[in-house]
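Chemist: Chains A and B, in that order, give the protein sequences. Counting from 1, position 232 in the first sequence corresponds to residue 232 in this note's numbering; the numbering is continuous, with no gaps. If you want this note's numbering, it's the position in the second sequence, counting the first as 1, plus 1000. The beta carbon of each residue, even a glycine, is placed where N, CA and C say it ideally should be.
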Amino acid sequence: MKKLSARRRHPLAAVVVLLLALAATGGLYAAFAPAGKAQADETAQSLAIEEGKKLYTVGCASCHGTGGQGTTDGPSLVGVGSAAVDFQVGTGRMPAQQPGAQVPEKKVIYSQAEIDQLAAYIASLGAGPITPTEKQYSPDGADIARGGDLFRTNCAQCHNFTGAGGALTHGKYAPPLNDVSPKHIYEAMQTGPQNMPSFPDTTMPEQEKKDIIAYIRTVNDDRTATPGGFALGGVGPVSEGLFGWIFGLGSLIAVAVWVAAHTAKAKKS
Amino acid sequence: MSTTTASDANRKAPAGERVADWADGRLGIYSLAKANMRKIFPDHWSFMLGEICLYSFLIIILTGVYLTLFFHPSMNEIEYHGSYVPMHGIRMTEAYASTLDISFDVRGGLLIRQIHHWAAVVFLAGMFVHMMRVFFTGAFRKPREINWLFGFLLFVLGMFTGFTGYSLPDDLLSGTGVRFTQGAILSMPIVGTYISMFLFGGEFPGHDIIARFYSIHILLLPGIMLGLVVAHLILVFYHKHTQFPGPGRTNKNVVGMPLLPVYMAKAGGFFFLVFGVIAVISALFTINPIWTMGPYRPDQVSTGAQPDWYMGFAEGLVRVMPGWEINLWGHTLVLGVLIPLVVFGVMLAAIALYPFIESWITGDKREHHLLDRPRNAPTRTALGVAWVTAYMIMLVGGGNDIFATHFHLSINSITWFVRIFFFLGPVIAFIVTKRICLGLQRRDKDKVLHGRESGIIKRLPHGEFVEIHEPLSQAQLHALTAHEQYTPAEIGPSVDENGVERKPSRTEKLRAKLSKGYYGEGNQIPKASVEEYKEITSGHGHH
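1) How should PRO237/A be labelled, buried or exposed, when 16 other C-beta atoms within 10 angstroms of its C-beta is the threshold for buried?
2) Skipping 5 residues on each side, what residues in its chain have a beta carbon closer than 7 Å to that of ALA1332/B?
3) Do we get a CB-CB distance below 7 Å when we pair SER1410/B with the residues of chain A?
4) Kindly list the residues whose CB is nearer than 6 Å to the CB of GLY1140/B, restricted to its own chain and excluding five residues on each side of it in sequence; keep chain order.
5) Less than 7 Å separating the beta-carbons of VAL165/A and THR1405/B?
6) State yes or no: is the beta carbon of PHE161/A nearer than 7 Å to at least one beta carbon in chain B?
7) Whose C-alpha, out of ALA33/A, PRO139/A, LYS135/A, is nearest the C-alpha of ASP211/A?
8) Give the secondary structure of GLN88/A by DSSP, where H, G and I count as helix, E and B as strand, and everything else as coil.
9) Answer yes or no: does any C-beta atom of chain A fall closer than 7 Å to that of TRP1387/B?
10) For LYS1458/B, report the span of its beta strand (DSSP E) as first-last.
11) Where does HIS967/B sit, in a helix, a strand or coil, going by DSSP?
12) Please determine, among THR1286/B, VAL1122/B, TRP1329/B, LEU1317/B, the residue with the shortest C-alpha to C-alpha distance to ILE1190/B.
13) Buried or exposed for TYR1238/B, please, with buried defined as at least 16 other CB atoms from any protein chain shown within 10 angstroms of its CB.
14) Any beta carbon of chain A sitting closer than 7 Å to that of SER1074/B?
15) Return the residue from the list TYR137/A, CYS63/A, LYS107/A that minimises the CA-CA distance to ILE185/A.
16) Please name the residue in PHE1071/B, PHE1271/B, VAL1385/B whose C-alpha comes closest to that of VAL1432/B.
17) Kindly list, in the order they appear in chain A, the residues whose Cβ is closer than 8 Å to that of PHE1270/B.
18) PHE1204/B by DSSP, collapsed to three states: which one?
19) What's the call for GLY1455/B, buried or exposed, on a 16-neighbour Cβ count within 10 Å?
20) Taking only beta-carbon positions, decide if VAL1432/B is within less than 7 Å of chain A.
21) Can you tell me whether LEU1370/B is helix, strand or coil according to DSSP?
22) Measuring only the C-alpha atoms, how far is MET1092/B from ILE1078/B?
23) Please list the terminal residues of the continuous beta strand (DSSP E) segment that includes ARG1091/B.
24) What separation, rounded to the nearest whole angstrom, lies between the Cα atoms of VAL255/A and GLY228/A?
25) Going along chain B, which residues have a C-beta under 7 Å from PHE230/A?
26) Please identify the residue among PHE247/A, MET189/A, GLU206/A, ALA174/A whose C-alpha is closest to the C-alpha of THR1303/B.
27) DSSP beta-bridge partners for TYR173/A?
28) Between VAL1388/B and ILE1351/B, what straight-line distance do the alpha-carbon atoms span, to the nearest angstrom?
29) Would you kindly work out how many angstroms separate the C-alpha atoms of GLY244/A and ARG1435/B, rounded to a whole number?
30) Apart from the five residues just before and just after ILE1361/B, which ones in its own chain have a Cβ nearer than 8 Å to its Cβ?
31) Taking the continuous alpha helix (DSSP H) assigned at ILE947/B, which residues delimit it?
32) Is it buried or exposed for SER1187/B, if we count other Cβ within 10 angstroms and need 16 for buried?
33) Evaluate THR169/A with the Cβ neighbour count: other Cβ atoms within 10 Å of its Cβ, from every protein chain shown; 16 or more gives buried, anything less gives exposed.
34) Just the chain A side, please: which residues come within less than 9 Å of TRP1309/B by C-beta, in chain order?
35) If you compare alpha carbons, which of LEU1273/B, LEU1069/B, ARG1144/B is closest to ARG1366/B?
36) Can the beta-carbon of SER1410/B be found less than 7 Å from the beta-carbon of GLY100/A?
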């Protein structure tokens, strides 16, 4: 201390103090300043964030908190990214109607423009997965067979062979994938909504996501050909067995009753 | 057949007769046909359930032969380049690739595959219902116990033929089932590991299992089944068919129509009807779309992986069983799989051995050719319904995930429901069924004594309203009172022939107790006696 005190009158002391002060201020600024994207000063972007915040305050804040920090009723939205918002709101899951095992898909109540504004606001709270562009999720030219292999390895455990859906514990479920748009499938893989694990680009590159989307579009879509006839829900032997009992054996018993009722008569009555 | 007279003795016999003569000279078919052509069969729709099974079995054999022409039971890996685009370039076994070819490239292949599979589903369901018909009408009683066992064996062999059959395509769904089976085998203490290694030719999945299942599926099991079917039918001929009680029907006759021409025409026509119905279903509804499932790989699995329905109750047993295990001296006993395996065997054995248990309890050693109406054997009927209840509850357990997603329920709640009601359900079913049977017996008695409620209300001169009861016809009265009612077996005399006190054995006591449960007071309603009937119909005390 004595040493330091003795040099306080040194001609360079002021310079050193100034340097220290600058480093501290800069360090603190770097540590606490919001992410760079939020700083972008494009007028359109800040307008979207502004509008999104208004929508958020009306429709989302009651559960997720006024600043997206989360409450006991809803998780924090800081860092979930615009892709998560686009998926959750774009499939009607958010805003949620009631608490339960899982928030179901339902009618979408926001327009795409409003969803984009909400997404912009949430993205401004912290960096996260960004809403994909059509070039990213479009299944055109993807490898369907490879997608099928990836699907069976990563998705079929919960979503069934072709994405007909399946049950999870305590009333939760993996939803069927037949009417989900490629964009939403991509976002779901990217963000891992609800009980789904997320598959970021580091574990599943963009091309593999495209392949999977192409496979789902091929085998489980309204336009998918079912060469065997009606698919009976595509959920496997349970529905087949039920059908075989009721319509297979059932109609054969009806035929048997008919045959037994029409017999040769000993004498005409 | 034409009769020849002296005047046209020189005329050549018709061609048909000559062919028949030629055949008879070599096969002796006249006497065989003569003895059986006029064989009488009673008419009832439920007697045709067995026919449904027979015909679907024939359809399975016919279509199966076609499938063997194109199927390669090999586990060699190849790269697929057939016409199903979503599998292009995927590595798969020849078994799976050839099943894809049958489905997409072989003419009529997919239709034949679907007929084969739908017929199998119907075959097993038909056998189940046929077995229940025989059970609930008491048709398994002497002299038909052996035939009951033949039928039971056909059902069990049918289950395993079905299992080996749907495993052949080597798709992801059936491969999961084979893995399940291997797990069940491994759970057997001491021998499990050895059996698994022998069956799979080493570690799972190995390169042999499909070829082995193929031999079992197309040769071993169907061969045994075909033999059993023949034996089953010979015994039906030999014992003659049972019939429901009715006027003119006794334990010593069969009332119905002759085999030729009536039943030949009916049965022949019915075969085509069965084939037609199954073909229509197969043309319209997909079964086991293996192309959507992908080839089997031990590192992949899908949700909704169930076996066909006839293996569903085994699946249910394993699904709802808690995953208990015991570690003893460095060995693991996987009770979570072993107990379901044992229960599976016990449930099947219980229904197989029931005829012998019942005849021991009743001590009835006579022949029975007249069927029971289920209500007239309340304890048997209740036991049967209890068994079916346990079976059906396990089917729900086997499909718990499908029930969960389609009825928006929690899979855990369903599992707990199944766990509890596997034990509770049969008890409730037993009590309720027995009550219903006794109620129906009371109603029968009431109908015999007081006639049928006509719905016509009459007002008497003094103002009272009465409903007119129409007396039953003689035939109806007979049908409602023809059944025999047993008295419960008693424990033998407490002293033997020398006057020495004798202690009744424990089995004797058990038998008397069970017999009371079958025929004791409150377990059957005494049917209307002739005296009761006369007293009421003579006019005294009748309104």
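Modeler: According to the data block:
1) buried
2) Here residue 1332/B is Thr; the residue named in the question, Ala, does not match the sequence. For THR1332/B, where only same-chain residues beyond five positions count, the Cβ hits under 7 Å are GLU1325.
3) yes
4) The amino acid at residue 1140/B is misidentified as Gly; the sequence shows Phe. Same-chain partners within the cutoff: VAL1134, TRP1148, PRO1355.
5) At residue 165/A the sequence reads Gly, which differs from the Val that was named. Yes, Cβ-Cβ distance for GLY165/A and THR1405/B is below 7 Å.
6) yes
7) PRO139/A
8) helix
9) no
10) 1452-1459
11) As shown, chain B starts at 1001 and ends at 1543. That puts residue 967/B outside it, with no answer to give.
12) TRP1329/B
13) exposed
14) no
15) TYR137/A
16) VAL1385/B
17) VAL255, ALA256, VAL259
18) coil
19) exposed
20) no
21) strand
22) 6 Å
23) 1091-1093
24) 25 Å
25) LEU1284, PHE1285, THR1286
26) ALA174/A
27) ALA167/A
28) 10 Å
29) 32 Å
30) ALA1489, ARG1511, LEU1514, SER1515, TYR1518
31) The shown model of chain B, from 1001 to 1543, leaves out residue 947/B, and the question about it has no answer.
32) buried
33) exposed
34) PRO237, VAL238, GLU240, GLY241, LEU242, GLY244, TRP245
35) ARG1144/B
36) no
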